[in-house]
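Position one of the sequence shown corresponds to residue 196 (my numbering), numbered consecutively onward.
Yeah, the Cβ is synthetic: ideal placement off N, Cα and C, and Gly gets one too.
Worksheet: one structure, shown below.
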Amino acid sequence: MNLLISTTSIIPKIIIFGIIIIILLSIVIVVIQLKKQKPALEESYLTSILNALGTKKNIKSVNLEHQRIQVNVLDTKQIDSKFFTTAKIPAFISGNKITVLFKEHTKEIYSFLISKGA
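Below, the structure is given as structure tokens:
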């Protein structure tokens, strides 16, 4: 008799505990999804990147490698390295090539540079 009474009082507790777990997991999933959303790229930001590279007249070729964009330029003096420093975008110049590491939107930036004839 005691076993029957204790079992029936535990079942509602288990159900409530399960519901709480499901709610918490749902909240965690929603928060993770919201963090994954990237901010939208603005045309002015993309144009600033192009201008920092010395405009399309200075660019010989553009290559995409993982999250890096390698740009071969005609004149490295036309590159605005202060832009990349201010925007906290890692960029490395060696010879006539600048390698820029974009943490987000790398493919979109690459496509923009290609579409502008760079």
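Problem set entry | contact_flag[the region 236 to 246, the region 220 to 228] where n(CB pairs < 8 Å) is 3 or more | These segments do not touch.
For this session: Measure the Cβ-Cβ separation of residue 245 and residue 251 and say whether it is below 8 Å.
Result: Yes, the pair counts as a contact, with Cβ atoms nearer than the cut-off.
For this session: May I have the straight-line CA-CA distance separating residue 204 from residue 210, to the nearest angstrom?
Result: Just so you know, the alpha carbons of residue 204 and residue 210 end up roughly 11 Å apart.
For this session: Please name the residue or residues paired with residue 296 in a DSSP beta bridge.
Result: Residue 296 pairs with 263.
Exercise. Is it right to say residue 304 is buried, meaning 16 or more other beta carbons lie within 10 angstroms of its own, or is it exposed?
Worked result: When all chains shown are included, residue 304 counts as buried.
Exercise. Cβ of residue 265 versus every heavy atom of the ligand MG: is any distance shorter than 7 Å?
Worked result: Ligands displayed in this structure: none; no statement on the ligand MG is therefore possible.
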